[in-house]
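Worksheet: the structure to be examined is printed underneath.
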Amino acid sequence: MNKKLLIIFPVVFIATMVIFFSINNSVHAYWDEDENGRRYTNEDGEYAIGFTDIEDYMYYFDEDGYLKTGKFYVEDKDAYYYADENGVIQIGVIDNEDYFFITEEDGRIKTGVVEYEGVKYYFNTNAEYVVGWYKNGDDWFYGGEKGRIVTGFETINGYRYYFDENGARVHDAVMTIEDTTYIFNSDGSVDENATMLYPVYLYINECRKTYGMPEISLDSQVTACAVLRASALVNGFADDGDVKRLIQDCGIKCENGCEFSYGGQPDYGINQLIEHIKLDNNFAKLLKETDMDCVGLGSYVVDNVYYYDILFIKK
């Protein structure tokens, strides 16, 4: 009986020692903090590095084991992430006083054109939303509040612009939008003068077509001169002399020219202008001539009084 006890005791003692040392050699994971930030020690006794899942929350630790918060860049992912003040990486829409981000399901902040709740936004390569003018590819865009991509008409610094459904700025174009034909300059701004007078230009060429004459082109230089002439009409409709000389004084070379001026009345709109043009026999006679190949249309408004000037030239 005593021998059996002596045999069993060492076995029990050894088993107890193994269990004791096994328990005491294990390391519990824990957080610690110093002047450089917070770190997390894994159960293997090593500091957590990179992306780490802790109790179902995702964190990111730099190469020295320090927890990242706020917006940060991960080089091997070539992407930006955002973590709250506790270091938890945020997923979805991040919208606060300092930031506005939209992330992928893994937390990567989206860049480029991002659509959210039917609205498109633009974020640059630094994951920053862009406000104001920016170029993407060959086109210019305009970012509104929090990078919202502007579409349709927008007035910027006193000038009207039009952006298509994708936000690209329209320029160097004649476009009909909601039954109105707009003229867009090379910088994309609406040529308000040309847009207002475009129905007159259409009428001129409709008449030319009726008379079997070639179309007359709308010349930007001649139009600029016509705008100046229209503004001078506030001083009266006196004959200022040779039209060719007047046009050449504007820096335009031409063989011949002819000028028509109208308006000087309140609320003198385009429809009224066209009706008066139709009654002008000299205007109709000129449209039948073949030597005029360019036209410039100018307008000027002051105190709701409208003035119009139309210049025809032969280059």
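Mapping to the numbering used here: the sequence shown position 141 is 1032, numbers consecutive. Glycine included, C-beta positions come from ideal geometry on N, C-alpha and C. All of these numbers come straight from a predicted model, not from anything done at the bench.
- The beta-carbon distance between Gly-1043 and Phe-1054, rounded to whole angstroms, is 6 Å. This is short enough to meet the 8 Å contact definition.
- With a beta-carbon spacing of about 6 Å, Gly-956 and Ile-940 fall inside the 8 Å limit used to define contacts.
- Counting C-beta pairs with one atom in each stretch, the region 1026-1036 and the region 1045-1061 have three or more that are closer than 8 Å, which means they touch.
- Taking each of Val-1081, Tyr-948, Lys-1001 and Gly-1049 in turn and checking the Cα distance to Ala-1064, the smallest one comes out for Val-1081.
- When rounded, the separation of the alpha-carbon atoms in Gly-1023 and Glu-1045 is 12 Å.
- Taken in chain order, the complete alpha helix (DSSP H) segments of 4 residues or longer contained in the region 1161-1203 are 1161-1169 and 1172-1178.
- Boundaries of the alpha helix (DSSP H) harbouring Ala-1121: 1111-1123, taken from the DSSP string.
- DSSP lists Asp-1030 as the beta-bridge partner residues of Asn-1027.
- A contact is defined here as three or more CB-CB pairs under 8 Å, and the region 1088-1096 meets this definition with respect to the region 1173-1192.
- Take the alpha-carbon of Tyr-1159 and the one of Ser-1190: they are about 11 Å apart.
- Burial is judged here by how many other beta carbons sit within 10 angstroms of a residue's own beta carbon; Gly-1079 has at least 16 and is buried.
- Bridge pairing for Cys-1149: Phe-1203 [DSSP].
- For the pair Glu-1083 and Leu-1188, the Cα-to-Cα distance works out to about 11 Å.
- When rounded, the separation of the alpha-carbon atoms in Ile-980 and Lys-1001 is 14 Å.
- Only exposed fits Ala-920, as fewer than 16 other CB atoms lie within 10 angstroms of its CB.
- About 7 Å separates the beta carbon of Lys-962 from that of Tyr-990, a gap short enough to meet the 8 Å contact definition.
- The C-alpha of Thr-1101 is placed about 28 Å away from the C-alpha of Tyr-1198.
- Annotated as distal: Val-1021 and Lys-1011, with beta-carbon spacing of 9 Å or more.
- Residue Arg-1099 holds the alpha-carbon nearest to the alpha-carbon of Thr-1181 among Arg-1099, Leu-1119, Asn-987 and Pro-1157.
- No Cβ-Cβ contact shorter than 9 Å links Val-965 with Tyr-948.
- If one requires a minimum length of 3 residues, the beta strand (DSSP E) runs lying completely within the region 985-1017 are 991-993, 1003-1007 and 1010-1014, in chain order.
- The residue among Asp-997, Tyr-971 and Thr-1071 with its C-alpha nearest the C-alpha of Gly-983 is Asp-997.
- Straight through space, the alpha carbons of Glu-1019 and Thr-1067 are spaced by roughly 35 Å.
- If you check the CB distance, Arg-1120 and Glu-1150 come in under 9 Å.
- Counting only residues of its own chain and dropping the five nearest sequence neighbours on each side, Ser-1077 has a CB closer than 7 Å to the CB of His-1062 and Asp-1063.
- Checking the DSSP bridge columns, you'll see Arg-1099 has no partner listed.
- Burial is judged here by how many other beta carbons sit within 10 angstroms of a residue's own beta carbon; Tyr-1089 has at least 16 and is buried.
- With distances taken between CA atoms, Lys-968 lies nearest to Glu-995 out of Asp-986, Ile-985, Glu-995 and Gln-1112.
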